[in-house]
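Colleague: Shown below is the structure under consideration.
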Amino acid sequence: MNVSADIRALVERRKAGYSLEAPFYLSEEIFALDMEAIFRKHWVQVAVEPDVPEPGDYVTVELGHDSILIVRDDDMQIRAFHNVCRHRGARLCNADKGTVGNIVCPYHSWTYNLNGDLMFAEHMGEKFDRCKHSLKSVHVENLAGLIFVCLAGEPPTDFAAMRAAMEPYLLPHNLADTKVAAQIDVLEKGNWKLTMENNRECYHCVANHPELTISLYEYGFGYQRSPANAEGMEAFDRTCIERAAEWEAMGLPSAEIEQLLDTTGFRTQRLPLDRSGESQTLDARVASKKLLGKFEQADLGGLSFWTQPNSWHHFMSDHIVTFSVIPLSAGETLVRTKWLVHKDAREGVDYDVKNLTAVWNATNDQDRALVEYSQCGAGSSAYEPGPYSPFTEGLVEKFSAWYIGRLAEQIGA
Amino acid sequence: MNVSADIRALVERRKAGYSLEAPFYLSEEIFALDMEAIFRKHWVQVAVEPDVPEPGDYVTVELGHDSILIVRDDDMQIRAFHNVCRHRGARLCNADKGTVGNIVCPYHSWTYNLNGDLMFAEHMGEKFDRCKHSLKSVHVENLAGLIFVCLAGEPPTDFAAMRAAMEPYLLPHNLADTKVAAQIDVLEKGNWKLTMENNRECYHCVANHPELTISLYEYGFGYQRSPANAEGMEAFDRTCIERAAEWEAMGLPSAEIEQLLDTTGFRTQRLPLDRSGESQTLDARVASKKLLGKFEQADLGGLSFWTQPNSWHHFMSDHIVTFSVIPLSAGETLVRTKWLVHKDAREGVDYDVKNLTAVWNATNDQDRALVEYSQCGAGSSAYEPGPYSPFTEGLVEKFSAWYIGRLAEQIGA
Amino acid sequence: MNVSADIRALVERRKAGYSLEAPFYLSEEIFALDMEAIFRKHWVQVAVEPDVPEPGDYVTVELGHDSILIVRDDDMQIRAFHNVCRHRGARLCNADKGTVGNIVCPYHSWTYNLNGDLMFAEHMGEKFDRCKHSLKSVHVENLAGLIFVCLAGEPPTDFAAMRAAMEPYLLPHNLADTKVAAQIDVLEKGNWKLTMENNRECYHCVANHPELTISLYEYGFGYQRSPANAEGMEAFDRTCIERAAEWEAMGLPSAEIEQLLDTTGFRTQRLPLDRSGESQTLDARVASKKLLGKFEQADLGGLSFWTQPNSWHHFMSDHIVTFSVIPLSAGETLVRTKWLVHKDAREGVDYDVKNLTAVWNATNDQDRALVEYSQCGAGSSAYEPGPYSPFTEGLVEKFSAWYIGRLAEQIGA
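Chains as they are written, first to last, in full-length UniProt numbering: chain A, 1 to 413; chain B, 1 to 413; chain C, 1 to 413.
Take a look at the structure:
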């Protein structure tokens with residue numbers, strides 16, 4: 001991909017500690033570069049194992065112009081293919097999800113098995129070689145039930161390091177044994193990086209997220225100490241230490257791991273929740289009576305897992321919320337949220353969907369508005385990069401620095 | 001029109017027998033070239049004579065950015081003009097169809113007669129020369145009631161050859177004495193060439209068109225012979241020979257003419273219909289009791305007429321269905337379908353619109369979906385041209401070869 | 001801004017007395033140049049004083065990609081700022097209008113006073129300099145209650161000349177003591193210059209504006225004299241002279257001032273109204289019983305004020321109608337109309353909104369259609385610039401000549 005001199009200059013002069021220059025949020029040319037350098041080169045979280053619980057179950061995911069078919073094979077392996085017929089290119093599966101025996105093209109009935117092999121194609125004559133017309137596969141990884149794909153020919157190899165670090169944190173929540181109780185797509189009229197920057201700080205939480213801050217401590221994501229908050233921050237620090245010790249004793253790792261500048265960048269930490277301290281709900285109590293994994297107690301705080309470039313997830317004792325960000329254009333982004341509960345939890349008995357989703361539905365919509373205000377502002381001739389707070393926006397800087405670094409590597413800047 | 005080196009290379013390396021490379025379906029630059037090289041240089045079928053039965057009747061047709069006014073003059077001639085006032089360029093007729101005495105601009109009442117002469121323009125002073133401000137005309141041809149326009153200064157001269165070949169086939173159906181019983185526009189989110197490719201094969205019919213295949217023989221458009229279908233294909237071949245002989249004896253030519261690679265490319269053939277064999281309806285019986293022309297029997301099969309670049313038509317004993325394809329953008333195409341019955345047929349007595357339109361309404365919508373699946377697939381990074389079936393997709397290849405040939409001529413490749 | 005050779009050639013070869021070549025109406029590149037050379041360099045009328053009657057009242061105006069915040073300060077001064085936070089660029093005020101104490105960013109609560117100074121920003125650390133993060137101001141002028149902004153660093157200095165000429169005409173109507181009784185935005189699918197050209201002639205009025213021509217004399221904006229209209233035109237001329245003498249005697253200047261080719265181009269004239277002659281209403285009588293300013297009689301005709309590039313206004317004895325044109329894209333334009341009545345007039349008692357707005361609501365919609373017909377026509381390959389009437393379109397030519405002159409100055413043609 002050729003890159004204009006303008007883009008090269010923008011990447012090279014990016015000033016650490018400041019928001020990005022406007023073209024990074026507005027330019028369709030940079031958006032195309034983002035899709036190439038970020039979303040086609042890195043591991044992208046797009047689905048969860050309970051999306052495809054049984055053999056033949058599939059989901060389709062649109063990533064840029066690519067449609068990816070994620071399917072569970074009869075041997076229970078999860079596979080991913082380009083969702084494109086090898087005949088005249090028709091999209092094969094045209095629903096968001098479903099169940100199939102074989103993958104049959106709707107156009108001329110070319111038929112592939114769940115391993116991607118072309119089994120049947122009528123009228124093609126004797127010279128036609130079926131073996132040369134298998135579906136094209138896509139790299140896929142399953143990390144404790146979170147499904148990542150990579151469109152690159154050679155995916156980043158440090159996924160293994162993330163897996164090694166994260167499995168001890170994630171596996172106790174046993175995502176593989178959950179079900180998707182609710183899923184909502186939010187369309188944000190803003191650049192995907194504004195969505196990610198918004199996710200990487202809680203400076204905006206107090207003024208914007210009344211529902212979320214019921215359970216989320218305002219101090220948990222960086223604050224400048226002041227006389228007004230000194231007492232609260234010290235109490236929070238003490239709580240963190242006490243609870244972390246308890247959790248570690250139960251075999252639940254809690255300490256922060258921060259590898260955000262790795263190629264496959266990520267961060268994790270388990271933090272206490274406020275009030276009853278059980279879950280991210282309107283009363284901070286569990287939303288599902290059926291606890292996950294082998295948990296016997298509800299107040300396990302919130303284990304968060306953030307990944308570059310496009311996801312974050314909150315694991316609690318009773319449910320998990322996953323967020324996958326899908327860029328659509330320079331000015332449009334999809335945020336897909338899934339709420340997972342124990343697969344045996346009964347709706348209306350063990351959990352209520354409205355209660356389960358109340359906090360993040362409200363929070364997502366508030367964040368959507370903030371992203372849209374930022375997108376509007378970035379378009380102004382008066383916009384110039386402003387300073388990140390050294391106390392509350394350190395992880396925003398890590399996102400922007402990672403992003404610029406990945407672009408620089410792509411274009412050789 | 002300048003053409004980038006990329007497009008030149010794409011045209012030159014096109015591989016016969018395979019679907020086109022993705023940019024031919026996706027690129028707005030190639031779309032602009034298509035409009036220039038194909039739709040502004042060739043005869044394009046856009047209307048039918050019964051659209052304008054009486055003097056002063058007009059229809060407007062949008063072709064690219066041009067609005068074309070097709071009007072019947074007082075001498076019963078059909079004329080075509082650019083639908084643009086010579087004063088400040090306002091569009092003159094702003095409805096799809098209507099009836100006028102003169103053509104009066106809605107802006108400042110400049111008034112043209114049906115011959116395009118400016119008759120009246122107020123306040124323009126003594127020096128103004130009305131004769132220099134006539135409407136600009138557009139070339140128009142009427143082939144047995146099918147109206148074609150050509151935006152080129154010098155239209156292709158081989159229209160005459162098509163007329164000579166086709167009039168004996170078409171005139172017996174007497175389209176000029178029909179009326180438009182129904183018209184429907186379908187918007188397909190796909191490139192116009194996918195619409196045309198879809199039209200040029202029936203490989204997809206069995207799996208997709210349950211209504212159409214009631215009357216349409218699956219064997220009529222090319223099949224690879226196999227033990228499973230050998231008996232059926234042989235029976236069909238016998239039927240074709242028998243019926244063609246009958247029809248020829250009645251003065252109805254039936255043999256295939258295939259001139260698809262001509263500048264004004266076309267193909268025709270009269271084929272038997274299945275079951276009661278009368279018409280393309282849900283019971284294969286006539287939809288209108290009032291037969292066309294001087295026909296006295298209903299089972300005359302289906303006479304089809306396909307043209308490059310944008311139309312196909314089915315003529316039966318009782319009704320005619322015409323299809324005109326209008327590209328809107330690289331990824332959007334309009335398919336305009338008209339159902340014509342004898343002008344004296346009475347709705348509710350001789351025919352029922354729902355019954356008349358049932359087969360092709362369903363079929364059009366099925367084809368729309370297939371075109372859209374193909375458009376989605378062409379956008380994928382995994383798409384590559386796939387092989388056409390040598391048995392069932394020979395006419396698709398003829399369309400693609402014609403198209404590439406016309407482009408090559410335009411750009412001198 | 002670099003300008004392609006094509007645009008330079010188009011500007012240089014523009015033929016006086018003819019409508020503009022098609023790219024001036026269609027090209028997004030020329031639209032960007034229009035925004036730069038016209039709308040970012042000139043005084044643009046965007047609001048009225050009664051939009052912000054009290055301290056803390058604000059309106060936001062979108063001009064190109066810029067959002068401008070117009071606010072009345074506690075000292076009653078009207079100020080204008082870029083509506084963009086200096087932190088991470090969020091848009092500050094996200095409603096069309098409202099009232100604030102300070103300007104608080106919705107994202108992280110950065111707080112500015114009405115003078116634009118940053119008063120408060122949490123968590124920014126000791127080194128952060130608030131003084132370097134004030135809001136960026138925008139030049140603003142208030143001409144007899146009409147608010148103009150200019151995005152240029154150095155606005156045109158001839159605003160003072162327009163003020164000196166216009167205040168004697170406008171001040172007697174005391175716009176500052178009115179209120180906005182109604183406001184309507186009309187989206188026109190046409191280029192902003194077609195909207196302006198339409199505004200600069202009444203050649204189209206008789207055929208298109210039955211409501212407006214109840215009160216507006218058809219002769220008031222230029223007509224070619226003919227036997228059919230000679231008597232009417234002479235009567236109109238006599239009326240003009242008689243009424244102008246009366247109005248001048250009352251201290252109401254009425255004579256035409258025409259400075260349309262100035263950088264800050266404008267024109268004004270007070271003309272009689274037809275029939276009862278009081279106001280632009282369906283019965284030509286006042287729409288509001290409470291007359292403006294110190295007026296004691298209703299039949300003061302219509303004082304019109306036209307400005308380059310984007311506004312026109314009609315001042316009558318009882319109400320004022322203001323029109324502000326905001327380009328949105330090459331093919332989309334917003335026309336914002338406000339109806340102002342005396343601030344003490346009571347709705348339902350002194351005036352009825354439906355009656356007040358009837359004429360211009362109808363007229364605006366008729367003009368919208370005409371602009372859209374012109375935009376459609378400009379896109380046609382058959383479009384070529386047509387001749388302006390020397391009698392009725394002289395002011396259209398003045399608009400086009402001013403526009404081309406401003407472009408030529410910008411690009412050095």
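Don't be surprised by glycine CBs; every beta carbon is placed ideally from N, CA and C.
Quick check: Leu261(B) and Ser215(B), are their CB atoms within less than 8 Å of each other?
Modeller: Contact flag unset, no.
Colleague: Establish whether the CB of Gly386(B) and some CB of chain A are separated by less than 8 Å.
Modeller: Chain A contact via Cβ: present.
Colleague: So, is the C-beta of Ala362(B) closer than 8 Å to a C-beta in chain A?
Modeller: Ala362(B) does not count as touching chain A.
Colleague: Kindly provide the ranges of any beta strand (DSSP E) runs that are 3 or more residues long and lie completely inside the region 171–198 of chain B, ordered along the chain.
Modeller: Counting only runs of 3 or more, we get 178–188.
Colleague: Is Ser389(B) close to chain A, meaning its C-beta is less than 8 Å from at least one C-beta of that chain?
Modeller: Closer than 8 Å: yes.
Colleague: Does the region 350–364 of chain B come within contact of the region 280–292 of chain B, defined as at least 3 CB pairs closer than 8 Å?
Modeller: The region 350–364 of chain B is in contact with the region 280–292 of chain B.
Colleague: Which chain B residues sit within Cβ distance under 8 Å of Tyr223(C)?
Modeller: Within 8 Å Cβ-Cβ: His123.
Colleague: Per the DSSP calculation, Val61(A) is bridged to which residue(s)?
Modeller: Ile68(A), per the DSSP bridge assignment.
Colleague: Confirm, please, whether the CB-CB distance from Glu49(A) to Ile147(A) is below 8 Å.
Modeller: Cβ distance < 8 Å, so Ile147(A) and Glu49(A) count as in contact.
Colleague: Cβ closer than 7 Å: which chain F residues qualify as neighbours of Ser304(C)?
Modeller: The chain inventory of the structure shown lacks chain F, comprising the protein chains A, B and C.
Colleague: Taking the continuous beta strand (DSSP E) assigned at Leu143(A), which residues delimit it?
Modeller: Taken as a continuous stretch (DSSP letters only), the beta strand (DSSP E) holding Leu143(A) covers 139–143.
Colleague: Rounding to the nearest angstrom, what Cα-Cα distance links Pro309(C) and Gly265(C) in this structure?
Modeller: Going from the Cα of Pro309(C) to the Cα of Gly265(C) covers about 8 Å.
Colleague: Please tell me whether Thr307(B) and Gln45(B) are closer than 8 Å, where the distance is taken between their beta carbons.
Modeller: Result yes, Cβ atoms of Thr307(B) and Gln45(B) sit closer than 8 Å.
Colleague: Helix, strand or coil for Phe391(C)? Go by DSSP, reduced to three states.
Modeller: If DSSP states are grouped into helix, strand and coil, Phe391(C) belongs with coil.
Colleague: Anything in chain A within Cβ reach of Ala90(B), meaning under 7 Å, just list it in chain order.
Modeller: Under the 7 Å cutoff, chain A gives no residues; its nearest Cβ is about 34 Å from Ala90(B).
Colleague: Here's the rule: buried if 16 or more other CB atoms are within 10 angstroms of the residue's CB, otherwise exposed. What is Met316(C)?
Modeller: With 16 or more other Cβ atoms within 10 Å, it is buried.
Colleague: Quick one: is Ser109(A) near chain B, going by C-beta distance under 8 Å?
Modeller: Yes, because at least one Cβ of chain B sits closer than 8 Å to the Cβ of Ser109(A).
Colleague: Measuring only between beta-carbons, confirm whether Ser381(A) sits less than 8 Å from chain C.
Modeller: It does: the Cβ of Ser381(A) has a partner Cβ on chain C nearer than 8 Å.
Colleague: For Ala176(C), tell me which candidate among Phe81(C), Asp117(C), Gly145(C), Ala161(C) has the shortest Cα-Cα distance.
Modeller: The residue with the shortest Cα to Cα distance from Ala176(C) is Gly145(C).
Colleague: When burial is assigned at 16 or more other CB atoms within 10 Å of the CB, is Asn191(A) buried or exposed?
Modeller: Asn191(A) should be labelled buried.
Colleague: Do the CB positions of Leu135(B) and Phe81(B) come within less than 8 Å of each other?
Modeller: For Leu135(B) and Phe81(B), yes; Cβs fall inside 8 Å.
Colleague: Count the CB pairs spanning the region 337–349 of chain A and the region 72–80 of chain A that are closer than 8 Å, and state whether there are at least three.
Modeller: Cβ pair count under 8 Å is below three, so no.
Colleague: So, does the CB of Pro327(B) fall closer than 8 Å to a CB anywhere in chain C?
Modeller: Pro327(B) does not count as touching chain C.
Colleague: Sorted by chain position, which residues of the same chain lie with C-beta nearer than 8 Å to Asp299(B)'s C-beta, five sequence neighbours on each side aside?
Modeller: Result list for Asp299(B): Leu273, Ser276, Gly277, Glu278, Ser317, in chain order.
Colleague: Which residue from His319(C), Met196(C), Ala244(C) puts its Cα closest to that of Thr178(C)?
Modeller: Considering only alpha carbons, the answer is His319(C).
Colleague: Going along chain B in order, which residues have a C-beta closer than 7 Å to the C-beta of Ser67(A)?
Modeller: Cys376, Ser380, listed in chain order.
Colleague: Output the distance between the C-alpha atoms of Ala382(A) and Ala16(A), rounded to the nearest integer angstrom.
Modeller: Approximately 20 Å between the Cα atoms of the pair.
Colleague: Just tell me which of Ser226(C), Met124(C), Ile257(C) has its CA closest to the CA of Ala161(C).
Modeller: With distances taken between Cα atoms, Ala161(C) lies closest to Ile257(C).
Colleague: Could you give the distance in angstroms between the alpha-carbon of Val325(B) and the alpha-carbon of Ser400(A)?
Modeller: In a straight line, the C-alpha of Val325(B) is about 48 Å away from that of Ser400(A).
Colleague: Please report the distance separating the alpha-carbon of Gly125(C) from that of His87(C).
Modeller: Rounded to whole angstroms, Gly125(C) to His87(C) spans 14 Å at the Cα level.
Colleague: Could you tell me if Met35(A) is buried or exposed, where buried requires 16 or more neighbouring beta carbons within 10 angstroms of its beta carbon?
Modeller: Buried: at least 16 other Cβ atoms inside 10 Å.
Colleague: In the region 10–32 of chain A, which residues sit with their C-beta less than 7 Å from some C-beta in chain C, listed in chain order?
Modeller: Taking 7 Å as the Cβ-Cβ cut-off against chain C, the residues of the region 10–32 of chain A that qualify are Ser19.
Colleague: Below 8 Å, can you find three or more Cβ-Cβ pairs linking the region 322–337 of chain B to the region 147–157 of chain B?
Modeller: Touching, no, given that fewer than three Cβ pairs across the two stretches are closer than 8 Å.
Colleague: Assuming Gly224(C) contacts His123(B) under a Cβ cut-off of 8 Å, what Cβ separation, rounded to an integer in Å, is found between them?
Modeller: Going by the sequence as given, residue 224(C) is Gln instead of Gly. That belief holds up - the Cβ atoms of Gln224(C) and His123(B) are roughly 4 Å apart, short of 8 Å.
Colleague: DSSP has Pro327(A) in a bridge; who is on the other side?
Modeller: Note: Pro327(A) sits in a beta bridge opposite Thr333(A).
Colleague: Tell me where the alpha helix (DSSP H) around Val371(A) begins and ends.
Modeller: Val371(A) -> alpha helix (DSSP H) spans 353–378.
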